[in-house]
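Asks: I have a structure here, written as structure tokens, and I will follow up with some questions on it.
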Amino acid sequence: MDFEGDIKATAVKHLREEISTLISTANKGDEVIVRLESGGGLVHGYGLAAAQLVRLKDAGLKLTVCVDKVAASGGYMMACVADNVVAAPFAIIGSIGVVSQLPNFHKWLKNHDVDYEMFTAGDYKRTVTVFGENDAEDRAKYQEELEQTHELFKHFVNTYRPELDVAKVATGEHWYGEDALKLNLIDSLQTSDSYILERMEDNEVYALHSRQKPTLAEKLGLAQAAEATLSMAVDKLPDALARFELNSRLNILK
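Next comes the structure, spelled out in structure tokens:
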């Protein structure tokens with residue numbers, strides 16, 4: 013199987029279907045190879061993607077993750093679940109950390125005599141915001157939330173790679189394959205092509221890909237144009253600002 017992750021881990025939609033298919037058809041002890049490429053992204057997206065890989069192990073299947081280019085942050089969260097992590101010599105591995113960043117337009121709005129009002133129930137329903145004035149207490153609470161997320165990340169990695177010195181590698185740094193091997197972030201150095209060819213010598217190897225039936229618009233090449241037109245029609249300013257506020261606050265595994 014292949015998993016190419018974007019910032020939202022949208023490929024998990026197909027991953028979960030492929031894994032459900034494997035669990036219902038494979039025999040216990042069979043090996044599943046996932047070729048994984050991801051630099052990480054949203055916490056909840058990659059948390060779900062990693063949980064999908066855990067399903068394979070819970071079903072008694074052996075999981076191997078091959079990384080040819082990058083498995084960093086959320087990508088490494090997925091990779092660390094595997095019984096066997098194989099990476100190319102110059103693959104980027106690690107980046108066990110959390111980052112969140114957002115602009116703040118409060119001063120600009122104030123200079124232009126624009127008031128921004130927000131109403132909440134609950135002391136910490138909102139801490140730092142894009143348009144409001146952020147104080148030291150807001151920032152401290154937000155930092156606390158980041159630290160909590162980081163602790164969850166470290167605990168998850170330690171659960172599946174107990175031999176790893178988590179305190180040493182959970183600094184947000186990344187390493188290339190050879191150094192990652194020395195740190196026990198991976199188990200061996202090899203490209204996915206080489207590993208799969210080796211397995212083919214003594215085993216039957218199948219490629220699993222889920223396919224979505226194309227719509228008529230996609231067949232005619234009109235899907236993107238139609239989507240752009242629709243987006244312009246419904247993307248009104250209040251909704252756009254609300255989405256911007258929400259997306260700016262989402263923590264990213266980095």
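To get our numbering, take the position in the sequence shown, counting from 1, and add 12.
All residues carry an ideal CB built from backbone N, CA and C; glycine is no exception.
Using the beta-carbon count (16 or more within 10 Å), is residue 53 buried or exposed?
Replies: buried
Asks: Taking one C-beta from the segment 71-87 and one from the segment 141-151 each time, how about it: are there three or more such pairs within less than 8 Å?
Replies: With a cut-off of 8 Å, the segment 141-151 and the segment 71-87 do not count as touching, because too few Cβ pairs lie within range.
Asks: With H, G and I counted as helix, E and B as strand and the rest as coil, what does DSSP make of residue 203?
Replies: Residue state, collapsed to three classes: coil.
Asks: Considering only the alpha carbon of each residue, which of 65, 105, 33, 168 lies closest to residue 197?
Replies: The shortest C-alpha to C-alpha distance from residue 197 to any of 65, 105, 33, 168 is the one to 105.
Asks: What are the boundary residues of the alpha helix (DSSP H) that residue 157 is part of?
Replies: 148-172
Asks: Would you call the CB atoms of residue 29 and residue 23 closer than 7 Å?
Replies: no
Asks: Does the distance from the CB of residue 57 to the CB of residue 20 come in under 7 Å?
Replies: Their beta carbons are under 7 Å apart, which means residue 57 touches residue 20 by this criterion.
Asks: Does the segment 198-206 come within contact of the segment 97-111, defined as at least 3 CB pairs closer than 8 Å?
Replies: Proximity of the segment 198-206 to the segment 97-111 meets the contact definition, three or more beta-carbon pairs being nearer than 8 Å.
Asks: Taking the continuous alpha helix (DSSP H) assigned at residue 118, which residues delimit it?
Replies: 118-123
Asks: Determine the contact status of residue 92 and residue 204, defining contact as a CB-CB distance below 7 Å.
Replies: no
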